[in-house]
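2 protein chains.
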Amino acid sequence: MSTQEAYLAQVDHAISDAALDTIFRNARTMRHWQDKPVSPTLLMAIYDLMRWGPTETNITPARFHFVVSKEAKARLEPLLDESNRRQTMAAPATAIVGYDLDFASTLPKLAPRAAESLHAMLARDPEKARYMAMRSTGLQGGYFMVAARALGLDCGPMSGFDREGVDKEFFAGTQIKSYFLCNLGFGVPDSVRPRAARLGFDEVCKIL
Amino acid sequence: MSTQEAYLAQVDHAISDAALDTIFRNARTMRHWQDKPVSPTLLMAIYDLMRWGPTETNITPARFHFVVSKEAKARLEPLLDESNRRQTMAAPATAIVGYDLDFASTLPKLAPRAAESLHAMLARDPEKARYMAMRSTGLQGGYFMVAARALGLDCGPMSGFDREGVDKEFFAGTQIKSYFLCNLGFGVPDSVRPRAARLGFDEVCKIL
């Protein structure tokens with residue numbers, strides 16, 4: 004038994020080592036895509052899983068617009084950084100992940116006990132609302148990619164795009180702001196770059 | 004076969020349904036903790052998994068200080084909102100999750116090809132550096148909680164604390180800023196509140 008298996012054996016309801024490989028250890032950011040569509044059902048399945056992840060006071064501010072059709076792809080293309088265009092046009096689906104600054108309007112459903120006081124506080128302090136929306140949408144973005152990978156998809160997250168342009172083109176008339184993009188599909192095996200380094204535990208963590 | 008199982012069957016390397024239950028469907032925010040310690044090895048195992056999750060240009064700005072000892076807990080206690088004190092003092096470990104504004108110093112290791120240009124850009128634009136650090140730390144916070152749950156732990160994320168106070172007490176002399184807290188341990192079964200609602204696919208997502 005390796006060291007890694009030894010510590011996994013200590014816990015009583017861990018998921019399998021193969022599943023940890025799929026969602027973390029072997030998962031790679033993809034830039035080359037097979038010509039294989041992603042069904043609407045599968046996109047719905049990602050949301051169906053990731054929506055259970057925790058957010059502050061259950062505000063769940065993340066919004067997902069999946070760019071799939073040729074027409075929608077054509078609207079997105081000019082707003083991408085040059086280095087992201089080819090991979091995005093080839094991907095079967097691209098999620099525009101945004102945060103909704105108007106998340107307070109959903110609170111009566113999501114957090115009925117806190118809705119009234121939170122609504123009043125957010126109206127007085129839009130900077131606080133933005134901070135909350137961004138922080139929880141970040142968490143939800145993490146859940147989103149894990150869920151996609153858990154369902155057998157590959158992810159290609161990207162930050163190189165014209166955020167204001169995307170907001171204007173895709174989120175006009177709403178208070179949704181784009182946060183990052185994520186290509187989704189089935190990657191070309193062996194097309195990935197050598198894996199970049201990560202920091203060690205002692206460089207990042209402390210036990211106090 | 005239920006509808007849910009039917010779409011899972013479409014994909015060829017999804018993780019098991021039981022694993023999806025553990026990391027998403029059955030996972031709940033815990034506020035009551037068993038008197039059962041969390042080993043340093045298990046804390047290291049969380050990091051060992053979550054560090055592989057993608058971040059912008061591999062900057063991996065999240066930092067994790069695990070508050071475990073009585074002495075460290077006593078430093079944290081007065082900085083917590085009243086409603087979070089009791090549960091945090093009872094939890095075997097509390098992660099202070101922060102983002103390092105000085106992430107540029109790690110770029111020669113993490114992103115050698117981009118290090119020089121990114122370092123110069125960030126030095127000119129500290130607001131951009133903060134935005135990047137917060138966005139990727141949000142993603143990493145999501146990976147962190149999924150990894151903890153995948154290893155059999157329960158999570159109790161919290162945002163109610165004195166951020167400036169925590170920065171002063173725990174991150175003095177660094178450029179790390181606290182983002183959220185997360186209690187870790189083994190929750191008391193049946194102690195959770197009824198599950199809060201989530202928004203439906205059509206309220207949150209669009210397929211374009």
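Sequence lines, in order, name chains L and X.
Per my numbering, residue 4 is the first one in the first sequence, and the count goes up by one each step.
Per my numbering, residue 4 is the first one in the second sequence, and the count goes up by one each step.
Using N, Cα and C, we set each Cβ at its ideal position, and we do this for glycine too.
Annotated as distal: Arg-201/L and Ser-181/L, with beta-carbon spacing of 8 angstroms or more.
Distance from the CA of Gly-145/X to the CA of Pro-43/L, rounded to the nearest whole angstrom, comes to 24 angstroms. Within the same chain, Ile-26 come within 6 angstroms of Ala-153/X by CB-CB distance, once the 5 residues on both sides are set aside. Rounded to the nearest whole angstrom, the C-alpha separation of Leu-113/L and Phe-204/X is 14 angstroms. Note that the C-beta distance between Thr-63/X and Tyr-102/X is not below 8 angstroms.
The Cβ of Ala-175/X sits no closer than 8 angstroms to any Cβ of chain L.
With the criterion set as a beta carbon lying under 8 angstroms from some beta carbon of chain L, the members of the region 20-54 of chain X are Ala-21, Ala-22, Leu-23, Thr-25, Ile-26, Phe-27, Arg-28, Ala-30, Thr-32, Ser-42, Pro-43, Thr-44, Leu-45, Leu-46, Met-47, Ala-48, Tyr-50, Asp-51, Leu-52, Met-53, Arg-54, in sequence order. The C-alpha of Ala-123/L is placed about 42 angstroms away from the C-alpha of Ala-30/L. Among the residues facing chain L, Val-70/X is included, as its CB has a counterpart in that chain under 8 angstroms away. As a beta-bridge residue in DSSP terms, Pro-160/L pairs with Cys-185/L. Here Glu-74/X is exposed, its C-beta having fewer than 16 other C-beta atoms within 10 Å. Using a Cβ-Cβ cut-off of 8 angstroms, Lys-73/L is close to nothing in chain X; its nearest Cβ partner there is about 11 angstroms away. Looking at the backbone, the Cα of Phe-164/L and that of Pro-81/L are separated by about 9 angstroms.
The region 32-50 of chain L makes contact with the region 187-199 of chain L: 3 or more CB pairs, one atom from each, lie closer than 8 angstroms. Sequence-distant Cβ neighbours of Arg-198/X in its own chain, meaning closer than 8 angstroms and more than five residues away, are Arg-31.
Put simply, of Arg-133/L, Ser-19/L, Gln-178/L the residue whose alpha carbon is nearest the alpha carbon of Leu-52/X is Ser-19/L. The residues Leu-46, Ala-96, Ala-98, in chain order, have a CB closer than 6 angstroms to that of Phe-69/X in the same chain once the five nearest residues on each side in sequence are set aside. Taking the Cβ atoms as the reference, Val-169/X lies roughly 12 angstroms from Leu-211/L, outside the contact range of under 8 angstroms. Boundaries for Ile-49/L: no beta strand (DSSP E) harbours it, while the alpha helix (DSSP H) harbouring it runs 43-53, taken from the DSSP string.
Only Arg-138, Ser-139, Thr-140, Gly-141, Leu-142, Gln-143, Gly-144, Gly-145, Tyr-146, Phe-147, Met-148, Val-149, Ala-150, Arg-152, Ala-153, Leu-154, Gly-155, Leu-156 from the region 138-157 of chain L bring a Cβ to less than 9 angstroms from some Cβ of chain X.
Assignment of Asp-24/X by DSSP, reduced to helix, strand and coil, places it in the helix class. In this structure Pro-160/X is in contact with Phe-183/X, their Cβ atoms being roughly 6 angstroms apart against a cut-off of 8 angstroms.
Taking the C-beta atoms as reference points, Cys-208/L is found nearer than 8 angstroms to Phe-67/X.
Straight-line spacing of the CA atoms in Ala-151/L and Ala-94/L works out to 14 angstroms. Within the region 95-122 of chain L, the runs of alpha helix (DSSP H) that reach at least 4 residues and sit entirely inside it are, in chain order, 110-113. Excluding five sequence positions before and after Leu-156/X, the CB atoms of its chain that fall closer than 8 angstroms to its own CB belong to Val-41, Leu-45, Ile-49, Leu-187, Gly-188, Phe-189, given in chain order.
For the C-beta of Pro-160/L, the chain X residues within less than 9 angstroms are, from N- to C-terminus, Pro-57, Thr-58, Glu-59, Leu-142. Burial check for Glu-59/L: the Cβ neighbour count within 10 Å reaches 16 or more, so the residue is buried. When C-beta distances to chain X are compared with 8 angstroms, the residues of the region 96-127 of chain L below that value are Thr-109, Lys-112, Leu-113, Ala-114, in chain order. Closest in C-alpha terms to Leu-23/X, from the list Pro-115/L, Glu-172/L, Met-92/L, Val-149/L, comes Val-149/L.
Looking at the DSSP output, Leu-154/L shares a beta bridge with no other residue.
Remark: C-beta atoms of Ala-132/X and Leu-125/X approach each other more closely than 8 angstroms. Between Arg-196/L and the set His-35/L, Glu-85/L, Ala-21/L, the nearest pair of CA atoms involves His-35/L.
Proximity of Thr-63/L to chain X, defined by a Cβ-Cβ separation below 8 angstroms, is satisfied. Val-70/X sits in a strand when the DSSP states are folded into three classes.
Looking at the DSSP output, Ala-132/L sits in no beta bridge, so it has no partner there.
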